[in-house]
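Right, one structure below, let's go through it.
Protein chains: 2
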Amino acid sequence: MQAPSLAKVTRVDASAEAVAADLGVLMKHMFRTTNREIFSAVEEAGITFTQVKCLGILDELPSPIAIGALSETLGLSVPAISRAVDGLVQRGEVKRTEDPRDRRSKLLTLTAKGRRTFERFAALRFAGLKRFVADMSDEEREALAAGLRPLAGRLSP
Amino acid sequence: MQAPSLAKVTRVDASAEAVAADLGVLMKHMFRTTNREIFSAVEEAGITFTQVKCLGILDELPSPIAIGALSETLGLSVPAISRAVDGLVQRGEVKRTEDPRDRRSKLLTLTAKGRRTFERFAALRFAGLKRFVADMSDEEREALAAGLRPLAGRLSP
DNA sequence: TATTGTTATACTCTATAACTATA
DNA sequence: TATAGTTATAGAGTATAACAATA
């Protein structure tokens, strides 16, 4: 893309209020256009949203995590996580082993199957976002690309 | 804000893939920083997420809506909506009256109390977005403002 | 006879409480 | 005695099925 013509670089209200309002509009539309499909895919896979979130946490963490820590991360009770994880172990998505340094604690890691499962859902979510982006005009998409880059560059590892 | 210096207007990948990826990063962070508070506020108010969504639909529609239509809009079963609405009626948030042209159908409208309730949650969500935006650097926020404006301008009424 | 909404029933997920095993 | 996790039990929300009222 070329540097934009000056005609496009009009002043924009960059107050927190204005930006938050526009962000709210964007979020609402993004949800409506991308969410329903994932919802039905998760349900069809016979898995729980909580279980998908468990997979997501395990996917992004570099080292194993225990039930209690996972519970705290997701803001759900320990028994709820224990049950969710138990289901994942039975499905072969997660490996649960005793921590050798404290045998009360169980360390959780993704199996290859679990990683594939999570990546399938992540791909579905990404496809929804892509469709949303592809529906924009070229001008909208280019402006958004330039506006997101500094922030996304900092936030993503 | 002045027109940006040329140094800032570097080329950015505006492909659907790149923009969708950055949008995904933004969304994830937005959730993590803004959602937990609303979650606890809803629970503390003794109301259901489904009921809040019902209030939101009624708030934005110009005319009354029936149970069946609300059910379809939210993607939940008619009995689930019937129960959710019943709770809202008992709390005085929603008015439910027979449609005079088809007395099987019940028309739903927000009461003043219902509108206030929804606006309280909307304000909470907005405050979360504002905090998220206020945490950015000036450069990030200004770039985002310019990038969101065309899209948000089109999407919002 | 078909349709709109409500009530009945069963199921899933979650939280609190009770429990087991390690520390 | 305290802590990590599991199992027991109860509660909330949803879906399917059965029903009542109206078309």
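Protein chains in written order, with the numbering used here: chain A, 1179 to 1335; chain B, 1179 to 1335.
Note that the Cβ used here is the ideal one computed from N, Cα and C, for glycine as well.
With 16 as the cutoff for other CB atoms within 10 Å, does residue i come out buried or exposed?
i: residue 1296 of chain A; result: buried
i: residue 1319 of chain A; result: buried
i: residue 1271 of chain A; result: buried
i: residue 1256 of chain B; result: exposed
i: residue 1291 of chain A; result: exposed
i: residue 1324 of chain B; result: buried
i: residue 1268 of chain A; result: exposed
i: residue 1312 of chain A; result: exposed
Rounded to the nearest angstrom, how far is the Cβ of residue i from that of residue j, given a contact under 8 Å?
i: residue 1288 of chain A; j: residue 1237 of chain A; result: 6 Å
i: residue 1194 of chain B; j: residue 1226 of chain B; result: So it is not a contact: roughly 36 Å between Cβ atoms.
i: residue 1235 of chain A; j: residue 1243 of chain A; result: 7 Å
Indicate whether residue i and residue j have their beta-carbon atoms separated by less than 7 Å.
i: residue 1326 of chain B; j: residue 1216 of chain B; result: no
i: residue 1307 of chain A; j: residue 1204 of chain B; result: no
i: residue 1248 of chain A; j: residue 1259 of chain A; result: yes
i: residue 1310 of chain B; j: residue 1211 of chain B; result: yes
i: residue 1197 of chain A; j: residue 1329 of chain B; result: no
i: residue 1207 of chain B; j: residue 1254 of chain A; result: no
CA-CA distance, residue i and residue j?
i: residue 1174 of chain B; j: residue 1189 of chain B; result: With chain B running from 1179 to 1335 in the structure shown, residue 1174 of chain B is simply not present.
i: residue 1199 of chain A; j: residue 1300 of chain B; result: 11 Å
i: residue 1276 of chain B; j: residue 1275 of chain A; result: 59 Å
i: residue 1229 of chain A; j: residue 1264 of chain A; result: 10 Å
i: residue 1218 of chain B; j: residue 1224 of chain B; result: 10 Å
i: residue 1280 of chain A; j: residue 1192 of chain A; result: 52 Å
Residues of chain A with a CB under 8 Å from the CB of residue i: which are they?
i: residue 1202 of chain B; result: 1303, 1304 and 1307
i: residue 1214 of chain B; result: 1253
What does residue i touch in chain B if you count any residue whose Cβ is under 9 Å from its own?
i: residue 1210 of chain A; result: Correct list: empty, because the minimum Cβ distance to chain B is about 10 Å.
Counting only Cβ pairs nearer than 7 Å, list the residues of chain B close to residue i.
i: residue 1278 of chain A; result: The contacting residues do not exist; residue 1278 of chain A stays about 32 Å from chain B at best.
Which residues in chain B have a C-beta closer than 8 Å to the C-beta of residue i? List them in chain order.
i: residue 1194 of chain A; result: 1308, 1311, 1312 and 1319
i: residue 1197 of chain A; result: 1311, 1319, 1322, 1323 and 1326
By the criterion of Cβ-Cβ separation under 7 Å, what are the contact partners of residue i in chain A?
i: residue 1190 of chain B; result: 1179, 1323, 1324 and 1327
i: residue 1330 of chain B; result: 1200, 1203 and 1204
i: residue 1155 of chain B; result: This structure cannot settle anything about residue 1155 of chain B, because the visible part of chain B is limited to 1179 through 1335.
Say the cut is 6 Å; is the CB of residue i nearer than that to a heavy atom of the ligand HEM?
i: residue 1283 of chain A; result: No copy of the ligand HEM occurs in the structure displayed, which carries no ligand at all.
Since residue i meets chain A, which of its residues come closer than 9 Å, beta carbon to beta carbon?
i: residue 1220 of chain B; result: Simply none; closest approach about 13 Å.
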